Amino acid sequence: MILIPQRLLNQPFMQQILSDGESYILRKRLNEPALNREGYISKSVLSMVLKGEQKITTYDGHMIHIPAGSMMFIPKGMYNVSDLLSGKGTSNKGFESVLFFFDDNITGGFLLGKGLEAGEQQEWPDAYRFKHTEGVQAYLQALSAIVPKMNVIKEEFVRVKMYELLYLLDAMDENFIHFLNQSLLGTPRNIKTFMEANYDKPLKVEDYAYLTGKSISTFRREFKTRFDTTPQKWLMDKRLTKAHEMLISSEISVTQVALETGYENVSHFIKEFKKKYQMTPKQLLIEHQEGLSL
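The sequence shown begins at 139 in the working numbering and counts up one residue at a time.
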């Protein structure tokens with residue numbers, strides 16, 4: 139699983155239009171299709187497809203389809219994403235989209251400014267489809283003309299432009315703000331079932347809280363009741379136990395084991411592994427191989 143947008147930022151197929159390190163506007167261009175990539179979208183995103191089409195499968199198995207010339211607002215969550223090319227056999231072959239990632243402080247501040255606070259769960263679609271893209275395309279063209287002429291892009295400028303985009307979306311569709319308000323709550327899920335199935339993902343406690351539709355305080359309290367320990371301790375034990383099993387049962391590198399057990403930082407993984415097992419992952423590999431050769 140990759141973290142989005144974090145893992146996209148330094149990719150050669152991505153162009154960064156605007157960013158303050160928390161919110162991002164990115165342009166993606168592909169010459170080859172990208173199929174079924176499992177990812178955690180860590181920030182709400184407006185995806186506007188200009189060429190090709192995007193197919194996204196939600197954690198619950200629902201399909202989100204974004205053809206060329208359309209756009210959808212997608213809440214944070216776990217998805218499988220496919221970027222498909224257009225114009226097969228022609229010079230127009232390719233995929234292109236613009237992604238607007240909103241930091242939670244931006245969306246939360248916008249809703250508070252409109253006098254809205256998170257309420258009770260209601261039935262809404264998995265993503266919000268806009269009927270027209272002209273307004274956002276005009277916004278993007280104006281922004282693309284301004285940014286290259288700026289010597290310094292301050293964080294306040296980025297915040298103002300992201301708020302401006304939300305106000306534009308609100309003006310385009312009066313129901314959008316209610317979907318946005320609802321999306322901040324996440325989807326209610328059984329903590330025990332969800333955690334057992336996803337403990338090896340590179341997620342933080344606050345991500346798990348959102349993905350189970352709970353506030354962080356409620357999540358910690360319910361987790362303690364279900365597992366009789368804290369989320370941090372439980373996650374570390376589960377991930378390191380799985381890592382130990384992988385190291386002695388398969389021919390796989392330490393780096394790959396770290397990535398497949400929820401660790402983005404390999405050095406941190408090695409440190410935690412040694413603390414639990416009194417040896418490094420490499421030492422365990424060597425000891426296990428020597429035992430097999432006897």
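Ideal placement from N, C-alpha and C gives every residue a C-beta, glycine not left out. Given the structure is predicted, the values throughout are model-derived calculations rather than measurements.
#### Entry: Contact under 8 Å by Cβ, L164 with I155
Yes; because the gap between Cβ atoms is below 8 Å, this pair is in contact.
### Query
Using the rule of at least 16 other Cβ atoms within 10 Å of the residue's Cβ for burial, across every protein chain shown, is D198 buried or exposed?
D198 is classed as exposed because its beta carbon has fewer than 16 other beta carbons within 10 Å across all chains shown.
### Query
With D311 and F268 assumed to form a contact (beta carbons below 8 Å), what rounded beta-carbon distance in angstroms separates them?
About 6 Å; that satisfies the 8 Å criterion.
### Task
Would you check if there are 3 or more beta carbon pairs closer than 8 Å linking the region 379 to 396 to the region 345 to 354?
As far as the Cβ criterion goes, the region 379 to 396 does not touch the region 345 to 354, which means the pair count is below three.
### Query
By how many angstroms is the C-alpha of F361 removed from the C-alpha of P213?
Taking the straight line joining both Cα atoms gives about 24 Å.
### Query
Since E398 is in the alpha helix (DSSP H), which residue starts that stretch and which ends it?
Where E398 is concerned, the enclosing alpha helix (DSSP H) stretches over 392 to 398.
#### Entry: CA nearest to the CA of L173, picked from T368, Q192, A280, M417
The candidate whose alpha carbon is nearest that of L173 is Q192.
#### Entry: Selected residue, minimal CA-CA separation from G253, among L237, S220, I315, L307
Comparing Cα-Cα distances from G253 to each of L237, S220, I315, L307, the minimum goes to I315.
### Task
Would you check if there are 3 or more beta carbon pairs closer than 8 Å linking the region 216 to 224 to the region 273 to 283?
Contact between the region 216 to 224 and the region 273 to 283 is absent, because fewer than three Cβ pairs lie under 8 Å.
### Message
Measuring only the C-alpha atoms, how far is R377 from Q153?
### Response
Take the alpha-carbon of R377 and the one of Q153: they are about 34 Å apart.
### Query
Closest by CA to G400, which one among Q416, K413, D375, K412?
Per the Cα distances, D375.
### Query
alpha helix (DSSP H) containing K304: first to last residue?
The residue asked about is misnamed: residue 304 is Leu in this sequence, not Lys. Unbroken alpha helix (DSSP H) run through L304: 293 to 310.
### Message
Assess contact between the region 202 to 212 and the region 243 to 252, defined as three or more Cβ pairs (one per stretch) separated by less than 8 Å. Is contact present?
### Response
As far as the Cβ criterion goes, the region 202 to 212 does not touch the region 243 to 252, which means the pair count is below three.
### Where the beta strand (DSSP E) containing H406 begins and where it ends
Per DSSP, H406 lies in no beta strand (DSSP E) segment; the continuous alpha helix (DSSP H) that holds it begins and ends at 404 to 415.
### Task
Enumerate in chain order the residues of its own chain whose CB-to-CB distance from K339 is below 6 Å, with the five nearest sequence positions on each side excluded.
Excluding residues within five positions, the ones whose Cβ falls inside 6 Å are M139, G400.
### Message
So for F151, helix, strand or coil by DSSP?
### Response
Correct three-state label for F151: coil.
### Query
Considering only residues of the same chain and omitting the five flanking positions on each side of A309, which have a CB-CB separation below 8 Å?
Cβ neighbours of A309 within its own chain (closer than 8 Å, five residues either side excluded): G273.
### Task
Could you tell me the distance, in whole angstroms, from the CA atom of P369 to the CA atom of Y337?
Looking at the backbone, the Cα of P369 and that of Y337 are separated by about 10 Å.
### Message
Considering Cα atoms alone, identify which of A381, A206, E389 is closest to V395.
### Response
Of the listed residues, the one whose Cα sits closest to V395 is A381.
### Query
Going by DSSP, which residues form a beta bridge with A172?
For A172, the pairing in a beta bridge is given by DSSP as D221.
### Query
My guess is that L249 and N313 are in contact by the Cβ rule of under 8 Å, so how many angstroms apart are they, rounded?
Contact doesn't hold; Cβ gap of about 14 Å is too wide.
### Task
For V298, count neighbouring Cβ atoms within 10 angstroms of its own Cβ and tell me buried if that reaches 16, exposed if not.
Exposed is the call here.
### Query
What distance in whole Å lies between the Cβ atoms of G159 and Y217, which are believed to be in contact at a cut-off of 8 Å?
About 23 Å separates the two Cβ atoms, so there is no contact after all.
### Query
With burial defined as no fewer than 16 other Cβ atoms inside 10 Å of the residue's Cβ, what is the status of K352: buried or exposed?
It counts as buried.
### Query
In terms of residue numbering, what span does the beta strand (DSSP E) encompassing Y236 cover?
The amino acid occupying residue 236 in the given sequence is Val; Tyr does not appear at that position. It spans 233 to 240 - the beta strand (DSSP E) in which V236 sits, taken as one unbroken run.
### Query
Nearest to E170 by alpha carbon, out of Y162, F151, S157?
Residue F151 holds the alpha-carbon nearest to the alpha-carbon of E170 among Y162, F151, S157.
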